[in-house]
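Chemist:
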Amino acid sequence: MSDTNNLEVSVIGTPDKLTIKDWYLGNDCHVEQFKTADSKILLDSQVQSLVDAMASFAPPAAGQTTLPGNYQSALASVIAVNWQ
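Throughout the sequence shown, residue numbering follows our numbering, covering 4 to 87 in sequence.
1. Apart from the five residues on each side of it in sequence, which residues of its chain come closer than 7 Å, Cβ to Cβ, to Asn85?
2. What does Leu46 pair with, by DSSP beta-bridge criteria?
3. I need the DSSP call for Ile15, collapsed to helix, strand or coil.
4. If you draw a straight line from the C-alpha of Ile15 to the C-alpha of Pro71, how long is it?
5. How many angstroms separate the CA atom of Leu21 from the CA atom of Glu35?
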């Protein structure tokens with residue numbers, strides 16, 4: 004999600020959150036990639052596609068630990084294309 008010029012990344016079902024200061028001010032403020040524990044990678048050039056897709060959804064209810072099925076279905080193709 005976008006919070007002013009910062010990129011806020013959070014993990015559903017956890018209190019984990021990362022804020023990348025000034026992400027939207029230019030490439031110099033980006034991290035090169037996000038890497039998961041199972042070695043999937045999202046490049047900085049792919050982040051906006053995921054942000055745009057997520058922006059079309061209402062936030063999950065507080066305490067919800069998974070995305071609703073309809074969210075998962077709608078995001079599946081965006082995730083498959085961008086997370087390698």
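From the three backbone atoms N, C-alpha and C, an ideal C-beta is built for every residue, glycine too.
Nothing here was measured: the structure is a model prediction, and the numbers come from that model.
Modeler: The short version:
1. Leu45, Gln49, Ser52, Leu53
2. Gln36
3. coil
4. 11 Å
5. 15 Å
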